[in-house]
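Here is the structure we will look at, set down as structure tokens.
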Amino acid sequence: MWCLTVFVLFRSYGTSFSSSGVHVYQRMYGCEWDDETGESRGFDQHGYDGQDFIFLDLKELRYITPVLQGIITAQKWNKDREQLELLKQYYEQDCVDWIKYFLMLGKAALVKRGMSPLVSLLQKDSSSPVECHATGFYPSAVTITWLRNGQQHDEDVDLGETLINEDGTFQKTSTLNIYLDDWKKHRYVCVVEHEGKTIQKTEEEIISNKSKLLIVQYIILVDYLLYILPVSPDNWKMNQYFCVEEHKAKTTQKIRDQD
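If you're matching positions, the sequence shown starts at 43 in the working numbering and goes up one per residue.
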């Protein structure tokens with residue numbers, strides 16, 4: 043099973059989504075195979091901000107969307123019948139063959155050394171919920187809790203499922219749904235525990251669309267690719283950075299003062 047998680051910070055680029063801020067785009071694709079029954083299942087699912095956006099129905103061999111914003115994308119992808127046939131071949135046969143091959147190499151090869159999580163606090167804007175996101179950890183057992191003034195706080199908390207990343211590590215998110223006034227009255231801390239190691243994140247470490255430093259794994263926007271340079275404020279002031287955009291043989295260069 044493969045899972046690709048994308049953190050997106052963007053302004054409107056003529057897409058169906060017009061809101062700005064921090065957004066999460068997820069794609070989970072791959073296959074499952076039962077070595078006892080021989081049954082297999084392929085899947086290709088896309089999500090936006092934790093909600094289903096579009097998925098591939100391998101039986102009907104077409105993309106289906108539960109939201110209006112996904113209709114245009116589904117219609118476009120469904121026109122490419124050759125690509126749909128290739129995906130069906132991959133998910134129902136090639137992917138399963140790869141699973142069998144790796145299992146043949148021995149289960150010992152699948153055992154990974156312990157890897158600690160990378161923890162981030164994410165918030166779209168000051169009135170939005172705060173997500174405590176842990177990713178890149180192995181094994182999968184992890185505990186994410188919220189503290190309020192040093193005491194465990196379970197109210198207004200939505201704990202997500204543990205998902206697997208593309209490289210075999212895992213990720214998990216816990217969302218705190220409170221009002222802005224609560225942040226001012228109380229001190230909230232996200233605590234992540236994994237393999238005997240404890241990581242804490244506080245309000246001062248929240249990443250939002252106003253943050254000076256952004257941690258971005260991948261940026262994917264259908265027909266657009268946006269790259270965000272993770273640079274500290276000091277380096278930004280001391281050095282001159284250029285952004286070069288190439289599109290259809292046309293090159294556009296922007297310097298720092300043009301942002």
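Note that the Cβ used here is the ideal one computed from N, Cα and C, for glycine as well.
For clarity, every value in this text was computed on a predicted model and none was experimentally measured.
Residue i classed as buried or exposed, judged by whether at least 16 other C-beta atoms fall within 10 angstroms
i, result
"A176", "buried"
"F98", "The residue asked about is misnamed: residue 98 is Leu in this sequence, not Phe. By the 10 Å Cβ count, L98 comes out buried."
"V161", "buried"
"E173", "buried"
"Q135", "exposed"
"L110", "exposed"
"N166", "As written in the sequence, residue 166 is Lys, which differs from the Asn given in the question. Its Cβ being crowded by 16 or more others within 10 Å, K166 is buried."
"Q213", "buried"
Which listed residue (the options) has its alpha carbon closest to that of residue i
i, options, result
"T215", "E245, W225 and P171", "P171"
"D28", "V109, D76, C137 and L164", "Any answer about residue 28 is impossible in this case: the structure gives the chain only from 43 up to 301."
"N120", "R104, M157 and H65", "R104"
"Y71", "E173, Y133, E247 and V109", "Y133"
"V66", "G80, T79, C73 and F95", "F95"
"K239", "C73, P181, D139 and I113", "P181"
"G92", "L222, H195 and G202", "G202"
"S168", "I206, L222 and Q125", "L222"
"H195", "N207, A183 and R229", "R229"
"D139", "T187, A116 and G80", "G80"
Opening and closing residue of the alpha helix (DSSP H) in which residue i lies
i, result
"Q131", "R123 to Q131"
"Q193", "First-last for Q193: Q193 to H195, but that is the beta strand (DSSP E), not the alpha helix (DSSP H)."
"D224", "L222 to K227"
"Q213", "Segment F212 to L218 is the beta strand (DSSP E) holding Q213; no alpha helix (DSSP H) there."
"T115", "I113 to N120"
8 Å Cβ cutoff met for residue i and residue j
i, j, result
"V231", "T217", "no"
"F179", "P159", "yes"
"G89", "Q68", "yes"
"L164", "E247", "no"
"I220", "D198", "yes"
"K142", "L100", "no"
"E127", "T185", "no"
Residue i to residue j span [Cα, whole Å]
i, j, result
"S250", "V233", "19 Å"
"E237", "T211", "14 Å"
"N191", "D224", "11 Å"
"R123", "K227", "57 Å"
"M146", "G156", "23 Å"
"Q242", "I114", "42 Å"
"S253", "L189", "Because S253 sits at a pLDDT of 48, beneath the cut-off of 50, its placement in the model cannot be relied upon, and the point is left open."
"G112", "K118", "10 Å"
"V258", "N207", "A caution first: V258 carries a pLDDT of 40, below 50, which makes its placement in the model too unreliable to give a value."
"A183", "T107", "32 Å"
"Q125", "Q193", "53 Å"
"C73", "A116", "21 Å"
"S82", "D76", "6 Å"
"E78", "D209", "26 Å"
"E102", "T187", "42 Å"
"I262", "T204", "Confidence at I262 is low in this model, with a pLDDT of 36, below 50, so the placement of that residue should be treated as unreliable; the coordinate-derived value is given next. Whole-angstrom Cα-Cα distance: 23 Å."
Endpoints, the beta strand (DSSP E) within which residue i is located
i, result
"Q93", "Q93 to D99"
"Y143", "From DSSP, Y143 is part of no beta strand (DSSP E) but of the alpha helix (DSSP H) over C137 to M146."
"V234", "Y230 to H236"
"E173", "V172 to F179"
"V199", "V199 to L201"
"L164", "L160 to L164"
"L189", "T185 to R190"
"S82", "S82 to Y90"
"T240", "K239 to T244"
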